[in-house]
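I have placed the structure first, in the form of structure tokens, so that the comments after it can refer back to it.
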Amino acid sequence: DGGITQSPKYLFRKEGQNVTLSCEQNLNHDAMYWYRQDPGQGLRLIYYSQIVNDFQKGDIAEGYSVSREKKESFPLTVTSAQKNPTAFYLCASSETGRYYEQYFGPGTRLTVT
Amino acid sequence: KNQVEQSPQSLIILEGKNCTLQCNYTVSPFSNLRWYKQDTGRGPVSLTIMTFSENTKSNGRYTATLDADTKQSSLHITASQLSDSASYICVVSPPRGGKLIFGQGTELSVKP
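The listed protein sequences correspond, in order, to chains A and B.
Take the numbering used here: the final residue in the first sequence is number 114, and no numbers are missing along the way.
Take the numbering used here: the final residue in the second sequence is number 961, and no numbers are missing along the way.
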């Protein structure tokens, strides 16, 4: 899992509540990413950030929000507007450039009932 | 249609046997193609990386091959171990550092 930490590992919430997933990295990487993983599907990009105070929507950003106030931190908020939030969420970081490798955190499993 | 398709979806083999996982892609050219191993409930970890011009890359008992003509990559696992039980994900990086394209993964189960 390299130098990327995600907390908590398991998270349970009631429907209608917002929840924030933590992601911290000590790899000094400029870029950070949030992915969602569902059974039988490839990882889908939610948001990414290539520099502090800047981020872009990925393929499935609706119902999610992020902030990038510090280089090492990229928290993800799952809002009540997300229709099907139960999933495994992965954070990753990388250097910027053409041949970058993304290093993944251990993931957070969110269950919303 | 997904630009990266993996097969089989799942595979069960006996400990000590070899196996080969397949990845077909439509993204061409690309910067690099990676194979990741993801243990259950954990984040993916990179096994191999190949650029568009490479044909093979090894990492211990893992060997990845690339055929740019047929747009196929394979991951061969030799002398499988119980710890090889995991999901294996093929990932293609488009040129100029675009967003990564993930396959849906192959779930490998190694039985004693």
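For glycine and all other residues, C-beta sits at the position ideal for the given N, C-alpha and C.
(request) Taking LEU91 of chain A as the query, report the chain B residues whose CB atoms sit under 7 Å from its CB, ordered along the chain. (result) In the first sequence, residue 91 of chain A corresponds to position 90, counting from 1. The contacting residues are GLY892.
(request) Work out the CA separation of HIS925 of chain B and SER859 of chain B for me, nearest whole Å. (result) Position 10 of the second sequence holds residue 859 of chain B. Position 76 of the second sequence holds residue 925 of chain B. Distance between the alpha carbons of SER859 of chain B and HIS925 of chain B: 15 Å.
(request) Give me the Cβ distance between VAL1021 of chain B and ILE950 of chain B, rounded to the nearest whole Å; I'm assuming they're in contact under 8 Å. (result) Absent from the structure is residue 1021 of chain B, since the part of chain B shown begins at 850 and ends at 961.
(request) Identify the continuous beta strand (DSSP E) that holds ALA928 of chain B and give its terminal residues. (result) In the second sequence, counting from the first residue as 1, residue 928 of chain B sits at position 79. No beta strand (DSSP E) contains ALA928 of chain B, which DSSP labels as neither H nor E.
(message) Measuring straight from C-alpha to C-alpha, what distance separates SER936 of chain B and VAL113 of chain A?
(response) On the second sequence, residue 936 of chain B is found 87 positions in, with the first residue counted as 1. On the first sequence, residue 113 of chain A is found 112 positions in, with the first residue counted as 1. Straight-line Cα distance between these residues: approximately 25 Å.
(request) Output yes or no for whether 9 Å exceeds the beta carbon distance between TYR65 of chain A and GLN7 of chain A. (result) Counting from 1 along the first sequence, the entry for residue 65 of chain A is found at position 64. Counting from 1 along the first sequence, the entry for residue 7 of chain A is found at position 6. No, they are not a contact pair.
(request) Kindly list, in the order they appear in chain B, the residues whose Cβ is closer than 8 Å to that of GLN42 of chain A. (result) By 1-based counting over the first sequence, the position of residue 42 of chain A is 41. The contacting residues are GLN953.
(message) Can you give me the C-alpha to C-alpha distance between PHE105 of chain A and LYS886 of chain B, rounded to a whole angstrom?
(response) Start at 1 with the first residue of the first sequence, and residue 105 of chain A comes out as number 104. Start at 1 with the first residue of the second sequence, and residue 886 of chain B comes out as number 37. Going by the C-alpha atoms only, they are around 11 Å apart.
(request) Count the other CB atoms, across all protein chains shown, that sit within 10 Å of the CB of ALA928 of chain B; report buried if there are 16 or more and exposed otherwise. (result) Residue numbering aside, residue 928 of chain B sits at position 79 when the second sequence is read from its first letter. Exposed.
(message) Considering only the alpha carbon of each residue, which of B:ILE862, B:GLN930, B:SER922, B:GLN953 lies closest to SER902 of chain B?
(response) Within the second sequence, numbered from 1, the residue matching residue 902 of chain B stands at position 53. That would be B:SER922, whose Cα lies nearest to the Cα of SER902 of chain B.
(message) Measuring CB atoms only, is the region 66 to 79 of chain A touching the region 18 to 26 of chain A, in the sense that at least three cross pairs come out at less than 8 Å?
(response) yes
(request) Can you tell me which of B:LYS920, B:LEU896, B:THR869 puts its alpha carbon nearest to the alpha carbon of GLY909 of chain B? (result) Translated into positions along the second sequence, residue 909 of chain B becomes position 60. Cα-wise, what sits closest to GLY909 of chain B is B:LEU896.
(message) Restricting to Cα atoms, I'd like to know which of B:ASP888, B:THR889, B:GLY947, B:PRO878 is closest to MET899 of chain B.
(response) Position 50 of the second sequence, counted from the start, is the residue given in the question as residue 899 of chain B. That would be B:PRO878, whose Cα lies nearest to the Cα of MET899 of chain B.
(request) In the DSSP assignment, find the unbroken beta strand (DSSP E) run with ARG14 of chain A in it and report its ends. (result) Taking the first residue of the first sequence as position 1, residue 14 of chain A is located at position 13. First-last of the beta strand (DSSP E) with ARG14 of chain A: 11 to 14.
(message) Quick check on the burial criterion: 16 or more other C-beta atoms within 10 angstroms. Buried or exposed for ASN19 of chain A?
(response) In the first sequence, counting from the first residue as 1, residue 19 of chain A sits at position 18. So ASN19 of chain A counts as exposed.
(request) Please work out which residues of its chain come closer than 8 Å, Cβ to Cβ, to GLY4 of chain A, disregarding the five sequence neighbours upstream and downstream, and give them in chain order. (result) Numbered from 1 along the first sequence, position 3 holds the residue referred to as residue 4 of chain A. GLN26, ASN27, LEU28, TYR104.
(request) Can you say whether ASN881 of chain B is buried or exposed, counting buried as having 16 or more other CB atoms within 10 angstroms of its CB? (result) In the second sequence, the residue the question calls residue 881 of chain B occupies position 32. It is buried - the Cβ of ASN881 of chain B has at least 16 other Cβ atoms within 10 Å.
(message) Does any residue of chain A have a CB that is nearer than 9 Å to the CB of SER856 of chain B?
(response) Start at 1 with the first residue of the second sequence, and residue 856 of chain B comes out as number 7. For SER856 of chain B, the answer is no, since every Cβ of chain A falls outside 9 Å of its Cβ.
(message) Please classify TYR11 of chain A as buried or exposed, where buried requires at least 16 other C-beta atoms within 10 Å of its C-beta.
(response) Within the first sequence, the letter at position 10 stands for residue 11 of chain A. Exposed, since its Cβ has fewer than 16 Cβ neighbours within 10 Å.
(request) Determine, using beta carbons only, whether GLY59 of chain A comes closer than 9 Å to chain B. (result) Position 58 of the first sequence holds residue 59 of chain A. So yes, GLY59 of chain A belongs to the interface.
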